[in-house]
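Quick note, the sequence shown lines up with residues 14 to 248 if you use the working numbering.
Since the structure comes first, as structure tokens, the remarks are kept for the end.
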Amino acid sequence: MAKIAFKKPGNFIYPVPAVMVSLKDKSGKTNILTVAWTGTICSDPPMAYISVRKNRGSYPMLVESGEFVINLPDEKLVKALDYCGVRSITKVDKWKEMGLHEGTATVVSAPTIEEAPVSIECKVTQVLPLGTHDMFLAEVVAVQVDDQYIDEKDAFHMDQVGLVAYSHGDYMSLGEKLGSFGYSVRKKPLPKKKKKASDSKTAPQKKAVSKNPVGRSVKRSGDWKKTGSRKKGDK
Ligand SMILES: Cc1cc2nc3c(=O)[nH]c(=O)nc-3n(C[C@H](O)[C@H](O)[C@H](O)COP(=O)(O)O)c2cc1C
Numbered sequence: 014m015a016k017i018a019f020k021k022p023g024n025f026i027y028p029v030p031a032v033m034v035s036l037k038d039k040s041g042k043t044n045i046l047t048v049a050w051t052g053t054i055c056s057d058p059p060m061a062y063i064s065v066r067k068n069r070g071s072y073p074m075l076v077e078s079g080e081f082v083i084n085l086p087d088e089k090l091v092k093a094l095d096y097c098g099v100r101s102i103t104k105v106d107k108w109k110e111m112g113l114h115e116g117t118a119t120v121v122s123a124p125t126i127e128e129a130p131v132s133i134e135c136k137v138t139q140v141l142p143l144g145t146h147d148m149f150l151a152e153v154v155a156v157q158v159d160d161q162y163i164d165e166k167d168a169f170h171m172d173q174v175g176l177v178a179y180s181h182g183d184y185m186s187l188g189e190k191l192g193s194f195g196y197s198v199r200k201k202p203l204p205k206k207k208k209k210a211s212d213s214k215t216a217p218q219k220k221a222v223s224k225n226p227v228g229r230s231v232k233r234s235g236d237w238k239k240t241g242s243r244k245k246g247d248k
């Protein structure tokens, strides 16, 4: 493989999520800002970050409130995702322009975006000035998901949501599933042994352990929307 080194290094980690961050200032004014510099930074406590430039209309709102909601857009929200990243609260009401509605968060006072399938409520714990962007480190205090993606066994099907990724300036849908966490080392199930005729009379009957259809363990209490769930891929 012949590789060419760029003269000036830059950010080249792609794809990344592009998310719609909703927030509210002390006066009650709300806004949505698109953020691609975002991600998970700790499993326990669950923590996420967003990096925001000081000149964004949302910046003082974030500093003042110390709260925000990360809304994951699906394919239907891509236009709004882009719009909220190229227009400012200083000029327009993005909720109105994009026909979006404020939802109620369970813990923070910032609104969720009703139309977003996943809303992650965050409380800022630290602000790190890095250069062009300040990094807002935050604890995830609640997660809300669209219940149409939860099956009768309480498994949440993230693969059905139609999430989008951002790659080097483009919004992309996610393609085919290529594998799942740990599949490279997972042992293949042994071929089933043929039953002997005598087995059926004497062998004790074992109750089948139900496994959710995507093979993900979804440990949930009745109140899981407030606590979230840990899955196989969590690190
Ligand atoms: C795909 C995309 C990703 C963006 N990512 C960021 C980001 O990570 N941090 C940031 O400060 N601005 C980012 N922006 C720019 C802001 O969303 C944009 O300046 C927005 O208009 C600010 O809105 P506001 O003034 O209402 O806060 C992004 C824009 C787009 C389109």
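Idealized CB from N, CA, C, for every residue including glycine.
Boundaries of the alpha helix (DSSP H) around Y96: V91 to Y96. Beta-bridge partners of D147 (DSSP): V65 and P142.
Within the same chain, Cβ atoms closer than 6 Å to the Cβ of S132 are found at V82, N84, T125 and Q157, the five residues on either side in sequence being excluded. Secondary structure at E115: strand, using DSSP grouped into helix, strand and coil. When only Cα atoms are considered, G41 and R100 end up about 20 Å apart.
The DSSP-derived three-state label of L75 is helix. Separation of H170 and K20 (C-alpha to C-alpha, rounded to the nearest whole angstrom) is 43 Å. A distance below 8 Å between beta-carbons, with the five flanking residues on each side excluded, links Y162 to the following residues of its chain, in chain order: P130, F169, H170, M171, Q173 and V174. In the DSSP annotation of this structure, the continuous segment of the beta strand (DSSP E) that includes E80 starts and ends at E80 to L85. One Cα belongs to C55, the other to A61, and the distance between them is close to 7 Å. The nearest non-hydrogen atom of ligand 1 is 7 Å or more from the C-beta of N84.
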